[in-house]
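Undergrad: Take this structure, written in structure tokens, and hold onto it; I'll ask about it next.
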Amino acid sequence: MGDRAIRDRAARLIAALALALAALAPQGAAAWGYYGHRTTAEIALANVSPETRAAIARLVAHDAELGTPECRIADLADASTWPDCVRRDYWRWGYTAAWHYRTAPVCEPYDARANCPGGNCVTAQVERNFRILSDESLPANVRLEALAFMVHFAGDVHMPLHSGDKDDRGGNDRETAYGIVPGLNLHSIWDTALAERAITAAQPPLVRRYAAAERQALAGGQPADWGRESWQIARDFVYPTAFDRAPCEGDLPGETALTQDDIAAAVPVVERRLAQAGLRIADLLDAAFAPGKLDRIP
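Quick note on the working numbering: the sequence shown kicks off at 81 and runs consecutively.
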């Protein structure tokens with residue numbers, strides 16, 4: 081076996097081991113995973129105004145007042161993963177679990193108001209925390225908590241399987257191989273493996289200052305619109321690609337596999353959703369830190 085073949089085989093084994101270890105972690109908790117959330121935050125920070133960047137820095141300086149010493153916020157990227165970090169403290173933060181998703185059946189008409197009792201779903205919590213963040217009369221630590229929730233949940237709603245569902249907890253119950261790596265599930269693959277591949281392969285890089293025309297094409301809309309987009313991608317792409325047929329033609333098997341062709345087809349879909357999330361977060365931040373209290377997302 082030649083040196084190149086040995087290196088290629090070693091690389092595949094390392095990738096397989098990394099994915100296998102990732103599969104041991106709790107799944108379904110963090111749309112886009114740690115890397116994806118931090119990337120959407122970095123995209124946002126690269127595209128906000130200098131005034132917004134300064135306002136974020138002032139809020140982050142109040143991190144100690146959150147009372148979460150094991151989950152610190154030193155910058156916007158930390159804020160984007162803070163809601164998943166604090167959930168480890170179930171007795172204090174367990175009530176926030178339902179805020180990370182709003183799955184809707186892909187085989188029923190989309191209803192933006194369903195599956196959100198008492199505002200306990202991802203789209204409602206983007207709106208709620210935007211309002212709190214924009215209220216300059218509130219204490220800094222309260223607004224910092226809202227900043228973290230808003231940034232995180234705006235990322236969550238862009239992951240298709242946090243909006244679309246086929247009686248499987250957003251793909252968590254569908255055992256799925258990722259190429260040569262067995263034993264994952266469809267949700268975890270979209271959370272981590274596909275997001276990480278999309279981020280590292282993107283050309284130009286996802287984290288950059290976007291031109292005005294790009295922002296116009298990718299950003300805009302309300303959280304309910306973003307949820308509908310994700311639901312439609314789950315219905316029209318995620319499930320058909322994973323199972324080679326439309327999800328509403330009958331029951332789907334409990335196991336499947338993504339081929340290399342499936343993975344290659346999914347990468348640009350993931351790239352677009354990550355870019356959209358980052359740019360929309362930037363718009364939320366600029367609006368929230370604009371002078372005066374806002375009653376809703378503009």
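The C-beta atom is built at its ideal place from N, Cα and C for all residues, glycine as well.
Per the DSSP calculation, Y258 is bridged to which residue(s)?
TA: Sequence index remark: in the sequence shown, residue 258 carries index 178 (1-based). Bridge partners of Y258: V261, L338.
Undergrad: Locate the alpha helix (DSSP H) running through S243, then write down its first and last residues.
TA: The residue given as residue 243 occupies position 163 in the sequence shown. That residue, S243, is in no alpha helix (DSSP H); it is neither H nor E in DSSP.
Undergrad: Buried or exposed for I313, please, with buried defined as at least 16 other CB atoms from any protein chain shown within 10 angstroms of its CB.
TA: Within the sequence shown, the letter at position 233 stands for residue 313. I313 comes out buried.
Undergrad: Anyone know if the C-beta pair for G251 and H267 falls short of 8 Å?
TA: On the sequence shown, position 171 is the one that residue 251 refers to. On the sequence shown, position 187 is the one that residue 267 refers to. Yes; because the gap between Cβ atoms is below 8 Å, this pair is in contact.
Undergrad: So who's on the other strand from A184, going by DSSP bridges?
TA: As a position in the sequence shown, residue 184 is number 104, starting the count at 1. A184 is bridged to G244.
Undergrad: Is the region 206-221 touching the region 263-279, taking contact as three or more C-beta pairs under 8 Å?
TA: These segments do not touch.
Undergrad: Checking 8 Å against the spacing of the C-beta atoms, do A292 and E351 come in under that value?
TA: Stepping through the sequence shown from its first residue, residue 292 is reached at position 212. Stepping through the sequence shown from its first residue, residue 351 is reached at position 271. Going by C-beta atoms, A292 is not nearer than 8 Å to E351.
Undergrad: How should A234 be labelled, buried or exposed, when 16 other C-beta atoms within 10 angstroms of its C-beta is the threshold for buried?
TA: Residue mapping note: residue 234 aligns to position 154 of the sequence shown, counting from 1. With 16 or more other Cβ atoms within 10 Å, it is buried.
Undergrad: Which of the three DSSP states is assigned to W112 in this structure?
TA: Your numbering for residue 112 matches position 32 in the sequence shown. Coil, per DSSP.
Undergrad: Spell out a yes or no on whether the region 209-221 and the region 185-198 are touching, meaning 3 or more CB-CB pairs, one atom from each, closer than 8 Å.
TA: Cβ pair count under 8 Å is below three, so no.
Undergrad: So which of P378, L332, Y181, T256 has the shortest CA-CA distance to D62?
TA: In the structure as shown, the chain starts at 81 and stops at 378, and residue 62 therefore has no counterpart that could be examined.
Undergrad: Determine the DSSP secondary structure at I136, reduced to helix, strand or coil.
TA: Numbered from its first residue, the sequence shown carries residue 136 at position 56. In this structure, I136 counts as helix in the three-state DSSP scheme.
Undergrad: Just to confirm, are C187 and P327 a CB contact at a threshold of 8 Å?
TA: Within the sequence shown, numbered from 1, the residue matching residue 187 stands at position 107. Within the sequence shown, numbered from 1, the residue matching residue 327 stands at position 247. Closer than 8 Å, so yes.
Undergrad: Could you pull the start and end residues of the alpha helix (DSSP H) that Y190 belongs to?
TA: The residue you call residue 190 lines up with position 110 of the sequence shown. From DSSP, Y190 is part of no alpha helix (DSSP H); its letter is neither H nor E.
Undergrad: Measuring CA to CA, which of A304, A275, W162 is closest to A192?
TA: Walking along the sequence shown from the start, residue 192 turns up at place 112. Closest by alpha carbon: A304.
Undergrad: Taking 8 Å as the threshold (C-beta atoms), are L286 and V128 in contact?
TA: Here residue 128 is taken as the residue at index 48 of the sequence shown, counted from 1. Here residue 286 is taken as the residue at index 206 of the sequence shown, counted from 1. Their beta carbons are not under 8 Å apart, which means V128 does not touch L286 by this criterion.
Undergrad: Leaving out the 5 sequence neighbours to the left and right, which residues in its chain are closer than 6 Å to L274 when beta-carbon positions are compared?
TA: Counting from one through the sequence shown, the residue named residue 274 turns up at place 194. If we look at L274 and ignore the five residues flanking it on each side, its Cβ neighbours are A346, V350.
Undergrad: Helix, strand or coil for D324 per DSSP?
TA: For the purposes of this step, residue 324 is taken as the residue at position 244 of the sequence shown. Coil, per DSSP.
Undergrad: What are the start and end residues of the alpha helix (DSSP H) that includes N379?
TA: No information on residue 379 is available, as it lies outside the stretch 81 to 378 that the chain covers here.
Undergrad: From A297 to W171, what does the alpha carbon distance come to, in whole angstroms?
TA: Residue 297 sits at position 217 when you count from the first residue of the sequence shown. Residue 171 sits at position 91 when you count from the first residue of the sequence shown. Straight-line Cα distance between these residues: approximately 42 Å.
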